[in-house]
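Chains as they are written, first to last, in our numbering: chain A, 1 to 360; chain B, 361 to 815. Notes follow once the structure below has been shown.
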């Protein structure tokens, strides 16, 4: 085993040509500037193979050899006693790398499907609500100036709904202890249509347009659903999940385009709301039965709203409510599939609510 | 016999800048003649090199100017002192004078001794890097991020070692533990910032004010870590700077950029590049860039004007088309038209302008950068680079990001292959002064005080 290499003494950039000879466990440098040199295998720092890049053999005195990558070199290093590291064997192999790719995809998918919601659910109760209140107040002020107008509902209806809302809150010990106490706001928004939403700071907003289409009991059923979002801290969980997804996507696509990241995060996160929506429905059903009312009230409300074909969702907690709603409105009118919509198929929700009422 | 100033066509006592300028122009003349097949006489080249050896740096120029002033030693090249590698100061002196002795005598390996253009080579391949990337990613996930430091070392090694100059590869020696430490620090700072921003704007401002003095220090240490862990032909690069220079570059000029609403940005960018290059050294010689703020401002000015021109052109074209089609078709067609316009604007014009800036800044910067007597030359082309950028972008989108490693390799290959070193003489002259010091302090020192924050 004998081959040519470039030798650098570690003190100058001058290049010397030497011959390498390997016997078991020993490396010999012939024609080195300081004469023949011998090294024990353990003294030689052998660089990892990196494609076609020259290999580097480092010596204890700071000198090094640079050798072109070749089959002969591999044979020489093997004679010397060198074995490739585990990671290098993984990286050198296409099937293994493709297996690694599949593992990464599966881990990512599992993390997204189960890990992230699980983590968010655990973290959500520990997020302080006070800054949420400030955030929600700011969002409320912004909307009040632009898209929300004061309510024109009769005083009698407002008082009735307020009473029902207070009872819903009082009957749920968790909500009664919700730090910024949940409050009901009546607003009118002809541009948006029938809607109701809850914000993480505890504000629940009911639109005149929604109340006008429903009986008081049905409107209360919708409010119970919204309180379900608050009880389960959906908006906070959503916030945690979207920031985490956003961070991962930004790290992955970071160099490509911010716009893509934002869009992707948005499209992916629609999925969460579906499950949360069903959770809130289930909560609403329980809250209604606690007041000896039927979960069917919520199903009725959904049916009525669907019939009017302008029900466009009720849980937009963020400041960009107006944009989201108008986008969804377009989709609903054109009968788009439920996948991209932030609300699960209404019929599916009605079916589940009916099942719940039967089991009660 | 001419004195060295006359060789360069300069009056005696001309400034260092004039010397460097004249040397570079002469070097280009030699290169040009060589490429045209009519090389100038070797003796002239040797005289030029001798002139640069005597005048190319402040200390040597002072010695030579003094010798010109005292008639007894006029025109005499100072004799090389005895070489005693045991003393660092003697080593430094020998480095100062080793070059004149070399060019005075006719060196045996004359093929490596004249003026030669060494193009940087790149031997990496997308498939190889993909395998490194995906295994790195998997191991990073399985170790909850801890492996990312080792992943960085493997990635840096792949890119460094596959970049070759004059047949020798660069190498990376970063210690993964130091990198891990740097990442922990960087992430903690980021976390503090993010949390304070969420809690209260006042806390956020306080956190920014507290952290901003630390930022230049972190950047400086991180540049030094990169330099000291990069080697070529067994010699490490080095990066020497003071805190004040880092603070001025990143904070003071950063504030200036803010106050001037971005007008000072090209200037700050130039200062950053100067900070990175002029403090970088290899084998006892400093990199030196002479790019000026004018160079940078021209690039940005053209980019802004061209970008706005493109924007206006698209709006006009869109309006004209819209008016022509508007009579025929409904508002949906108009919507689609506007969509396409925005698409073209973002997909083509923005990357085109950004690529223009990157290509021209790289060219202007490197073409005015030298290391010792050697000049860099950078000849990136906008068209070629834009083709790479846009196809990379499209393929990354189409493959949901899996093309990413190939994209990175293509960019690195193009950048390397369009950079060259115009070497005046041999590349053997670089010597290390601080090997002994580095070895004495050893790895433990690097562990305790050095870290790298990923930039």
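Just so you know, even glycine gets a beta-carbon here, dropped at the ideal spot from N, CA and C.
Asked                                                                                                                                                                                : Found
To the nearest angstrom, report how far apart residue 407 of chain B and residue 586 of chain B are at their CA atoms.                                                               : 37 angstroms
Hey, would you say residue 634 of chain B sits closer than 8 angstroms to residue 617 of chain B, going by beta carbons?                                                             : no
For a test of the three-state rule: what should DSSP assign to residue 768 of chain B, helix, strand or coil?                                                                        : helix
Do residue 204 of chain A and residue 223 of chain A come within 8 angstroms of each other at the CB atom, strictly closer than that value?                                          : yes
Check the C-beta distance from residue 221 of chain A over to residue 284 of chain A and give it rounded, since I have them as a contact under 8 angstroms.                          : 6 angstroms
How would you list, in chain order, the residues of chain B whose beta-carbon sits under 8 angstroms from the beta-carbon of residue 153 of chain A?                                 : Within chain B, no residue comes near residue 153 of chain A; the closest Cβ sits about 36 angstroms away, beyond 8 angstroms.
Hey, how far is the Cα of residue 510 of chain B from the Cα of residue 536 of chain B?                                                                                              : 5 angstroms
With respect to the alpha helix (DSSP H) encompassing residue 616 of chain B, which residues constitute its N-terminal and C-terminal limits?                                        : 613-619
Does residue 556 of chain B come within less than 8 angstroms of chain A when only Cβ atoms are used?                                                                                : no
Tell me which residue opens and which closes the alpha helix (DSSP H) that residue 531 of chain B is part of.                                                                        : Looking at the DSSP string, residue 531 of chain B is not in any alpha helix (DSSP H); the run it does join, the beta strand (DSSP E), is 528-532.
For residue 106 of chain A, decide whether its Cβ has a neighbour in chain B, counting only Cβ atoms nearer than 8 angstroms.                                                        : no
Does any residue of chain A bring its CB to less than 8 angstroms from the CB of residue 791 of chain B?                                                                             : yes
What residues of chain B sit near residue 14 of chain A, judged by a beta carbon separation below 7 angstroms?                                                                       : 788
For the candidate residues B:590, B:591, B:491, whose alpha-carbon lies nearest to that of residue 763 of chain B?                                                                   : B:491
If we define contact as Cβ-Cβ less than 8 angstroms, is residue 28 of chain A a contact residue for chain B?                                                                         : no
Based on the DSSP secondary-structure assignment, which residues constitute the bridge partners of residue 149 of chain A?                                                           : A:188
How many Å lie between residue 372 of chain B and residue 365 of chain B at the Cα?                                                                                                  : 6 angstroms
Tell me which residues of the region 32-60 of chain A have at least one Cβ-Cβ distance to chain B shorter than 8 angstroms, keeping chain order.                                     : 47, 48, 50, 51, 52, 53, 54, 56
Check residue 66 of chain A in the structure and name its three-state DSSP category.                                                                                                 : strand
Could you check which residue in A:188, A:133, A:115 has the C-alpha nearest to that of residue 148 of chain A?                                                                      : A:188
Note down, in chain order, each residue of its chain lying with its Cβ closer than 8 angstroms to the Cβ of residue 736 of chain B, except the 5 sequence neighbours on either side. : 726, 727, 729, 730, 779, 780, 781, 782
What's the gap between the Cα of residue 660 of chain B and the Cα of residue 101 of chain A?                                                                                        : 41 angstroms
Given residue 355 of chain A, which residues of its chain have a CB within under 7 angstroms of its CB, disregarding the five upstream and five downstream residues?                 : none
Report the residue ranges of all beta strand (DSSP E) runs contained in full by the region 154-233 of chain A; include only those spanning at least 3 residues, in chain order.      : 183-188, 196-198, 203-207
Compare the beta carbon distance of residue 3 of chain A and residue 20 of chain A with 8 angstroms and say whether it is the shorter of the two.                                    : yes
Could you tell me whether the Cβ of residue 425 of chain B comes closer than 8 angstroms to any Cβ of chain A?                                                                       : no
Using a Cβ-Cβ cut-off of 8 angstroms, state whether residue 503 of chain B counts as contacting chain A.                                                                             : no
For residue 395 of chain B, count neighbouring Cβ atoms within 10 angstroms of its own Cβ and tell me buried if that reaches 16, exposed if not.                                     : exposed
Using a Cβ-based criterion (distance less than 7 angstroms to any ligand heavy atom), does residue 55 of chain A qualify as near the ligand MN?                                      : By its list of ligands, the structure shown contains no ligand whatsoever, and the ligand MN lies outside what it can speak to.
How many angstroms separate the CA atom of residue 422 of chain B from the CA atom of residue 597 of chain B?                                                                        : 27 angstroms
Keeping to the same chain, check which residues put their C-beta closer than 6 angstroms to that of residue 540 of chain B; ignore five residues upstream and five downstream.       : 509
If you measure from the beta carbon of residue 528 of chain B to each beta carbon in chain A, is any gap under 8 angstroms?                                                          : yes
Closer than 7 angstroms by C-beta to residue 230 of chain A: which residues in its own chain qualify, once you throw out the five before and the five after it? Chain order, please. : 175, 178, 182, 198, 202
State buried or exposed for residue 402 of chain A, treating a residue as buried only when at least 16 other CB atoms are found within 10 Å of its CB.                               : No answer is possible for residue 402 of chain A: the residues shown for chain A start at 1 and end at 360.
Let me confirm a value: residue 350 of chain A is counted as buried when at least 16 other C-beta atoms fall within 10 Å, else exposed. Which label applies?                         : buried
Between the alpha carbons of residue 401 of chain B and residue 478 of chain B, how many angstroms are there, rounded?                                                               : 21 angstroms
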